[in-house]
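K.L.:
Provided herewith is a single structure, encoded as structure tokens, for subsequent inquiry.
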Amino acid sequence: MKKNYLGWAISLAAASLLLSLARTPATAQDQIKVTGKIVPPGAAAPKALPPAGPKGPVPHMADGKPDLSGIWNGQRALPNQEPPVMLPWAEKLTAERTNNYSADDPEARCLPGGVPRAAPYHYQLVQTPKLLLMLFEGNIHSYRQMFLDRSEHLKITEPLWYGESIGSWDGDTLVVDTVGFNDKFWFDMAGHPHTTQLHVMERYHRRDFGNLDIGITIVDPGTYSKPWVIQRVSTLETGIEMSEYVCNENNSDVLHLVGK
Amino acid sequence: MRWSILLALTWAAGTLLAQSSAQYLPLTPDGKGDLSGGWVVRDSTNLPDDLPYRPEALKLWQERKADLAKDDPATYCLPNGVVRVTSLPYKIVQTPKLIVILSEGNTHSFRRIFLDGRAHNLDLEPNSWTGDSIGKWEGTTLVVDTIGFNDRTWLDDTGKPHSDQLHVIERYRRPDAGRLEVQYTIEDPKDLTRPYTFTRAFVPANREIQERFCTEQNHLVGK
């Protein structure tokens, strides 16, 4: 099944752009300023907390660790977070990508979103004592493996979209450390970039039955002058199953990815 | 003294025997077959050629062979479905209520087999690439029942077709530590005159699954 959130998002962004242009006749210079004001949906600052997930006790594994397994709704950022502090090249590139309607976003071409990009789709966590699997409904119907049975990263010979992830428990919080990334994916639709120096730390804490708090620290001295800290939450999906989203089946997004 | 030595020897021999038989029948702590690990197909990835096709389906298969598989969904980075396999590794992650099969290729994706006792539910996806799979244990053999397919996947690289009436029953068992055997029974009243059964052996992959995205190397999609 193919959903077309991105198509809608781009149409909406284009519609709001047309509206602002209609109000203010603009020169080319002004146009950039106008488009610069449009916050792409992927980067939209949330105004309020997402509604909480179902209450109840945290399930545990036989080994006593919290069990993060379940189908979770796409990760949502909490309101009022610090924006990233970018090096000049990254600031320039992000502005270019945003102003070009995210036309070159690899994710829209059915390539992986990488880490820690949030999608509006469900994802499923499957936990064993040695492994945490993250199964994505979309944008591409793929997976991430987080190894809980070793404390050292493997040597990476070829940079990866999802990186090399190892996890360990800090009390009730699973701390996932990921390195070995390529520099191809974007962090969001705004187009925040990174280099292969990227190092992502994620802290997964199942607060109660239906709420998963995710603390993310992005360290990439090649792109950001200080670590970028993001707080997100996912709520447990109890109503419906994950669907089989096959991006390559009918990627109507590509037709919309025209840029300027 | 002699008796105690004999007893100790018997105990040691018993332990060794128990360990070696455990190697022959890998089990999970709850006594099910342990299917987990990385696996590759041992022999040909293709099915035998004696499927009991109805004339229309046979004609379609011959056309696909004649045009050198130019419409192969795999070429367009579309999923292989359940019956068709690649020679790349698969990884089985087993939990009591859910088994996940990760594939390295053709699409770097996953398949879920639900063991929580649910019935088939095709409300969300009446016709999907990988269908709706539910499984149950018969002793140490996992029996997986899958329906809800589309008619777009090929059963193997040669283009063997199937219809959306496809019903696949897989029986997963570990005959010994070095092997995973899967018996497939394919029913498809639209395309086949009778159910067809074949068996495929998998051996340990001996490596972790690697990241491989078809779309990245493919000039036909995503551009």
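Chains H and G, in that order, give the protein sequences. If you use our numbering, the first sequence corresponds to residues -14 to 245, in order. If you use our numbering, the second sequence corresponds to residues 65 to 287, in order. Beta carbons are placed, not taken as given, at the ideal position from N, Cα and C, and that holds for glycine.
1) So with CB distances below 7 Å, who are the chain H contacts of G:Phe174?
2) Given a threshold of 16 other Cβ atoms within 10 Å of its Cβ, counted over all protein chains shown, does H:Pro101 qualify as buried or as exposed?
3) Hey, is the segment 120 to 129 of chain G in contact with the segment 219 to 235 of chain H, meaning 3+ C-beta pairs nearer than 8 Å?
4) Determine the direct distance from the alpha carbon of H:Pro44 to that of H:Thr79, and round the result to whole angstroms.
5) Kindly indicate which residue of G:Lys224, G:Pro268, G:Val207, G:Lys200 has the alpha-carbon position closest to the one of G:Asp113.
6) By Cβ distance below 6 Å, which residues in the same chain neighbour H:Arg82 in space, the five residues on each side in sequence not counted?
7) What residues from chain G crowd round H:Leu145, counting only those whose CB sits closer than 7 Å?
8) Roughly how many angstroms separate the alpha carbons of G:Ser85 and G:Phe174, rounded to a whole number?
9) Within 8 Å, do at least three Cβ pairs link the segment 188 to 205 of chain H to the segment 35 to 53 of chain H?
10) May I ask you to check if the CB of H:Gly244 is nearer than 7 Å to at least one heavy atom of the ligand ZN?
11) Between the C-alpha atoms of H:Gly38 and H:Ile225, what's the straight-line distance to the nearest angstrom?
12) List the residues of chain H whose Cβ lies closer than 7 Å to the Cβ of G:Ser197, in chain order.
13) Taking H:Arg129 as the reference, which of H:Thr181, H:Glu137, H:Met119, H:Met186 has the closest Cα?
14) Please tell me whether G:Val146 has its Cβ less than 8 Å away from any Cβ of chain H.
15) Can you tell me the Cβ-Cβ gap for G:Ser5 and G:Gly212, rounded? I've got them flagged as a contact below 8 Å.
16) Within 8 Å of any Cβ in chain G, is that where the Cβ of H:Pro97 sits?
17) Output needed for H:Thr158: all residues of its chain with C-beta closer than 8 Å, excluding positions within five of it in sequence on either side, in chain order.
18) Tell me the DSSP secondary structure of H:Lys169 in three-state form.
19) Which residue wins for smallest C-alpha separation from H:Leu145, given the options G:Leu186, G:His172, G:Glu245?
20) Just tell me which of G:Thr261, G:Pro268, G:Thr257, G:Asp220 has its CA closest to the CA of G:Pro239.
21) Which ranges would you report for the beta strand (DSSP E) in the segment 197 to 283 of chain G if only whole runs of at least 3 residues count?
22) Could you tell me whether the Cβ atoms of H:His138 and H:Val164 are closer together than 8 Å?
23) Using a Cβ cut-off of 9 Å, pull out every chain H residue sitting near G:Leu142, in sequence order please.
24) Opposite H:Glu149 in the DSSP bridges: which residues?
25) Taking 8 Å as the CB-CB limit, is G:Trp193 close to chain H?
26) Give the range of the beta strand (DSSP E) segment to which G:Arg182 is assigned.
27) What does G:Leu166 reach in chain H if we use C-beta pairs closer than 8 Å?
28) Could you tell me if G:Leu244 is buried or exposed, where buried requires 16 or more neighbouring beta carbons within 10 angstroms of its beta carbon?
29) Do G:Val147 and G:Val232 have their C-beta atoms closer together than 8 Å?
30) Using a threshold of 8 Å, state whether the C-beta atoms of G:Arg237 and G:Thr205 are closer than that.
31) Let me see if you follow: with CB-CB separation under 8 Å, is G:Thr159 close to chain H or not?
32) Is H:Arg135 helix, strand or coil by DSSP?
33) With DSSP run on the structure shown, which of helix, strand or coil describes H:Ile17?
34) Grab me the residues of H:Leu183's own chain with a C-beta within less than 6 Å of its C-beta, minus the 5 sequence neighbours each way, in chain order.
35) Since H:Val185 meets chain G, which of its residues come closer than 8 Å, beta carbon to beta carbon?
36) List the residues of chain H that G:Leu162 touches, going by C-beta distances under 7 Å, in chain order.
P.N.:
Quick look at the numbers:
1) Contacts between G:Phe174 and chain H, judged by CB atoms closer than 7 Å, involve Leu120, Tyr128 in chain order.
2) Per the 10 Å Cβ criterion, buried.
3) Segments in contact, no.
4) Rounded to whole angstroms, the separation of the alpha carbons of H:Pro44 and H:Thr79 is 41 Å.
5) The shortest C-alpha separation from G:Asp113 is found at G:Lys224.
6) Closer than 6 Å at the Cβ level, and outside the excluded window around H:Arg82, lie Gly176.
7) The contacting residues are Glu275.
8) With a pLDDT of 48 at G:Ser85, under the threshold of 50, the modelled position of that residue is not reliable, and no figure is offered here.
9) Segments in contact, yes.
10) The ligand ZN is not among the ligands present in this structure, which contains no ligands whatsoever.
11) Taking C-alpha positions only, H:Gly38 is separated from H:Ile225 by approximately 14 Å.
12) Within chain H, no residue comes near G:Ser197; the closest Cβ sits about 11 Å away, beyond 7 Å.
13) Here the closest residue by C-alpha is H:Met119.
14) No, G:Val146 does not count as interfacial toward chain H.
15) Outside the displayed span of chain G (65 to 287) sits residue 5 of chain G, for which this structure offers no information.
16) Answer yes: the Cβ-Cβ gap between H:Pro97 and chain G drops below 8 Å somewhere.
17) Excluding positions up to five away in sequence, the list reads Arg188, Tyr189, His190.
18) Under the three-state reduction of DSSP output, H:Lys169 falls in the coil class, being neither helix nor strand.
19) Comparing Cα-Cα distances from H:Leu145 to each of G:Leu186, G:His172, G:Glu245, the minimum goes to G:His172.
20) Distance check between G:Pro239 and each of G:Thr261, G:Pro268, G:Thr257, G:Asp220 places G:Pro268 closest, using alpha-carbon atoms only.
21) DSSP runs (the beta strand (DSSP E)) wholly in the segment 197 to 283 of chain G: 205 to 211, 231 to 240, 243 to 251, 260 to 268.
22) Closer than 8 Å, so yes.
23) Correct list: Val231, Asn233, Glu234.
24) Its beta-bridge partners are H:Val164.
25) Under the Cβ distance rule, G:Trp193 counts among the residues neighbouring chain H, one pair being separated by less than 8 Å.
26) No beta strand (DSSP E) holds G:Arg182; DSSP gives it neither H nor E.
27) The contacting residues are Leu118, Tyr128, Gln130.
28) Only buried fits G:Leu244, as 16 or more other CB atoms lie within 10 angstroms of its CB.
29) Yes. Within cutoff.
30) The Cβ atoms of G:Arg237 and G:Thr205 sit closer than 8 Å to each other.
31) At least one chain H Cβ lies under 8 Å of G:Thr159.
32) Note: H:Arg135 maps to coil in three-state DSSP.
33) With a pLDDT of 32 at H:Ile17, under the threshold of 50, the modelled position of that residue is not reliable, and the figure given next carries that caveat. Looking at H:Ile17 - three-state DSSP - the assignment turns out to be helix.
34) Excluding residues within five positions, the ones whose Cβ falls inside 6 Å are Phe166, Asp205.
35) Ordered by position in chain G, no residue passes the 8 Å Cβ test against H:Val185, which lies about 16 Å from the chain.
36) By Cβ distance, chain H contributes Val111.
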